[in-house]
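If you read the sequence shown in the numbering used here, its first letter stands for residue 130, the second for the next number, and so on.
Backbone N, C-alpha and C fix where the C-beta goes; we use that ideal spot for every residue, glycine too.
Data block below; observations after.
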Amino acid sequence: MNASVVTAVKNNLDLSRNVPLKVAFYEALRKTIILSEIPAGCRINEKELASALNISRTPIRYALGVLEEEKLVEHIPKRGIIVRGISLKDAIEIFDIRKALDTLAAIKAMYLMTDKDFADMKKILTDCEGFIEDGDIKTILDNFNQFNDLIYRKSQMLRLREIVTELQTYLRYFREISIASVERRKRALKEHWIIYRGMRNKDVEQITLITHEHLNASLDFVLQQMESKTDAD
Numbered sequence: 130m131n132a133s134v135v136t137a138v139k140n141n142l143d144l145s146r147n148v149p150l151k152v153a154f155y156e157a158l159r160k161t162i163i164l165s166e167i168p169a170g171c172r173i174n175e176k177e178l179a180s181a182l183n184i185s186r187t188p189i190r191y192a193l194g195v196l197e198e199e200k201l202v203e204h205i206p207k208r209g210i211i212v213r214g215i216s217l218k219d220a221i222e223i224f225d226i227r228k229a230l231d232t233l234a235a236i237k238a239m240y241l242m243t244d245k246d247f248a249d250m251k252k253i254l255t256d257c258e259g260f261i262e263d264g265d266i267k268t269i270l271d272n273f274n275q276f277n278d279l280i281y282r283k284s285q286m287l288r289l290r291e292i293v294t295e296l297q298t299y300l301r302y303f304r305e306i307s308i309a310s311v312e313r314r315k316r317a318l319k320e321h322w323i324i325y326r327g328m329r330n331k332d333v334e335q336i337t338l339i340t341h342e343h344l345n346a347s348l349d350f351v352l353q354q355m356e357s358k359t360d361a362d
């Protein structure tokens, strides 16, 4: 492991939150891998990482165990723990799945949502107008997550939500990448407003078109960022 890998993990390690160290380290390592700050094929050495970060190997073992289940790292005999990472092909596949699931969830939800539900959705979007101006990325990300979570909850499709939950590892950080640009997050909010109006009007065609356009724009931005990191390496 080189120094840049350790630095990347350190930069993503947030110890200010009230969570166990093993969880904080797992989230930091997962984020570092998903953002391609640890390249695919890189070997993770528990001992070196523990020494460089001045922590015990226990939280590192925990993180690697969870990441192996998520298929972000793999144990290769005689080589150790190797980063699998996320390829451009993985990103395209995940966004294709999400386009299908988000469209289905929105269409199902719009027929079941009450006036209060739509009022709650509108408030989420209205609140975000202020967050966009403030430029608080974490608050904007939380707001976008609330918008999507509301749609999935109101779809009342439990199995659909379970499928999406399995993808959250990727979706969370793809979303974080895609709203890093001021212009992209402003456009994303406009697209959320169009989805809201489409759902309010029970317009299946508009929902389908804007959901696909919205996610295609996010995918394009994510791919650009992933390619730029690859070129830099």
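Just reading off the beta strand (DSSP E) that residue i is part of, what are its end residues?
i, result
"ILE210", "209–212"
"VAL202", "202–205"
What residue does the alpha helix (DSSP H) around residue i start on, and which one ends it?
i, result
"GLN285", "First-last for GLN285: undefined, no H or E at that position."
"GLY259", "244–263"
"ALA169", "Per DSSP, ALA169 belongs to no alpha helix (DSSP H) and is neither H nor E."
"ASP231", "217–241"
"VAL135", "132–141"
"VAL148", "VAL148 -> no alpha helix (DSSP H), and no H or E assigned at all."
Give me the residue from the options with the minimum Cα distance to residue i.
i, options, result
"ARG304", "SER347, ASN147 and VAL152", "SER347"
"LEU352", "LYS218, GLU177, TYR281 and MET242", "LYS218"
"LEU338", "ILE211, GLN354 and HIS321", "HIS321"
"GLU274", "LEU150, SER185, ILE253 and GLU291", "Checking the displayed sequence, the identity of residue 274 turns out to be Asn instead of Glu. For the residues LEU150, SER185, ILE253 and GLU291, the minimum Cα distance to ASN274 belongs to ILE253."
"ARG186", "TYR155, ILE323, ASN330 and LYS245", "TYR155"
"LEU178", "ILE210, ILE226 and LYS251", "ILE210"
"VAL212", "LYS245, ALA169, ASP332 and LEU279", "ALA169"
"LEU150", "PRO188, VAL138 and LYS139", "PRO188"
"ASN330", "ILE173, PHE247 and ARG313", "PHE247"
Once you ignore the five residues that flank residue i on each side, which residues in its own chain have a CB closer than 6 Å to its CB?
i, result
"ALA309", "none"
"PHE224", "LEU344 and LEU348"
"ALA181", "VAL135"
"GLN354", "ILE306"
"THR232", "THR337 and THR340"
Hey, would you say the C-beta of residue i is under 7 Å away from at least one heavy atom of the ligand HEM?
i, result
"LYS319", "Absence of the ligand HEM is noted for the structure shown, with no ligands found whatsoever."
DSSP on residue i, reduced to helix/strand/coil?
i, result
"ILE184", "coil"
"ASP332", "coil"
"SER347", "helix"
"LEU279", "helix"
"GLU199", "coil"
Note down, in chain order, each residue of its chain lying with its Cβ closer than 7 Å to the Cβ of residue i, except the 5 sequence neighbours on either side.
i, result
"ARG190", "GLU175"
"GLU166", "ALA137"
Give me, in chain order, the residues of the same chain whose beta-carbon lies closer than 8 Å to that of residue i; leave out the 5 immediate sequence neighbours on both sides.
i, result
"ASP143", "ALA153, GLU156 and ALA157"
Are three or more beta carbon pairs between the region 195–211 and the region 252–265 nearer than 8 Å?
-> no
Does the count of Cβ pairs from the region 260–273 and the region 203–219 closer than 8 Å reach three?
-> no
Do the region 286–298 and the region 319–333 make contact, defined as three or more Cβ pairs closer than 8 Å?
-> no
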